[in-house]
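Peer 1: Below is the structure I would like to discuss, written out as structure tokens.
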Amino acid sequence: MIGNDIVDLELAKKQSNWQRKGWLQKIFTETEQQLILDSCKPELQVWKFWSMKEACYKAHQRCLAHSPRYNPLSFECALNGLISIQGEQYRSIVESTGQYVYSVAKKIPLPYTSKIFDTKVDLKVKLSEFVTMSSNNISSVHITKDQNNIPQLLVNAKTMKYPFSFTNHGKYAAFAITI
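Under our numbering, the first residue of the sequence shown is numbered 382, with each subsequent residue one higher.
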């Protein structure tokens, strides 16, 4: 399974005061807090760990197919990209620019494709176009949600098990898919 998350750094700066008393403690473990405070760029490290947790949450939720239950303290991030939750480990790839932080988390090392857009786009349309162009014999692609509100891909009216994830924040949007 795969999950992704993007943080628009300009918007995050306006929306969240990560230095506010108690904010770090609500989101990050003691180890993560220390890594953030020891970082030469603590604000950037906050958003890297945040993005890793969000991406891992999506991947983990899809693995277990459970209803949404997000407890950021149950996810432990390491500087090497590993994320641990309930004895499970996920690997993340984090990309940061001056404008955004983008993370993709997955449990199994499957090849994937990820596309980032810097404008408001319809991610469903972009993903549908990508799947149609990437595969043969596809006449229709639709995205629905299952009983746990997890998106599913319907290709030629059949539910396909292509793990994928959407994310958007501020000026940025992205999808990740294993296909």
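Think of the CB as a built atom: it goes at the ideal place given N, C-alpha and C, for glycine as much as any other residue. Only a predicted model underlies this, so the values are computations on that prediction, with no experimental measurement involved.
(1) State the DSSP-derived secondary structure class of Leu-534, mapped to helix, strand or coil.
(2) Quick check on Met-514: buried or exposed, where buried means 16 or more other Cβ atoms within 10 Å of its Cβ?
(3) In angstroms, rounded to a whole number, what distance separates the CA positions of Thr-540 and Leu-418?
(4) Count the other CB atoms, across all protein chains shown, that sit within 10 Å of the CB of Gln-400; report buried if there are 16 or more and exposed otherwise.
(5) What is the rounded straight-line gap between the Cα of Asn-398 and the Cα of Ala-446?
(6) To the nearest angstrom, how far is the alpha carbon of Val-427 from that of Asn-385?
(7) Cα separation between Phe-456 and Phe-511?
(8) Could you check where the beta strand (DSSP E) with Val-502 kicks off and where it finishes?
(9) Within 10 angstroms of its Cβ, does Pro-490 collect 16 or more other Cβ (buried), or is it exposed?
(10) Could you spell out where the alpha helix (DSSP H) holding Ile-464 opens and where it closes?
(11) Taking Phe-494 as the reference, give the member of Glu-391, Leu-392, Ala-555, Gln-396 with the closest Cα.
(12) Beta carbon of Ile-560, beta carbon of Lys-487: below 8 angstroms?
(13) Suppose the cutoff is 6 angstroms on Cβ atoms and the five residues either side in sequence are ignored; what does the same chain contact list for Thr-412 look like?
(14) Checking the sheet assignment: what are the DSSP bridge partners for Asn-615?
(15) Assuming contact is defined by CB atoms lying nearer than 8 angstroms, are Ile-408 and Tyr-481 in contact in what I supplied?
(16) For Gly-479, which residues in the same chain have their Cβ closer than 8 angstroms to its Cβ, ignoring the five residues on either side in sequence?
Peer 2: If we stick to the structure as given:
(1) strand
(2) By the 10 Å Cβ count, Met-514 comes out exposed.
(3) 45 angstroms
(4) Around the beta carbon of Gln-400, a 10 Å sphere encloses fewer than 16 other beta carbons of the protein chains shown; the residue is thus reported as exposed.
(5) Their Cα atoms are separated by approximately 33 angstroms.
(6) 16 angstroms
(7) 31 angstroms
(8) Element bounds for Val-502: n/a, residue is neither H nor E.
(9) By the neighbour-count criterion, in which a residue is buried when 16 or more other Cβ atoms sit within 10 angstroms of its Cβ, Pro-490 is exposed.
(10) Taken as a continuous stretch (DSSP letters only), Ile-464 belongs to no alpha helix (DSSP H), being part of the beta strand (DSSP E) at 463-466.
(11) Note on identity: in this sequence residue 494 is Thr, with Phe being the wrong assignment. That would be Ala-555, whose Cα lies nearest to the Cα of Thr-494.
(12) Lys-487 sits away from Ile-560, with the two beta carbons spaced by 8 angstroms or more.
(13) none
(14) Outside the modelled stretch of the chain, which goes from 382 to 560, sits residue 615, for which no answer is possible.
(15) no
(16) Leu-390
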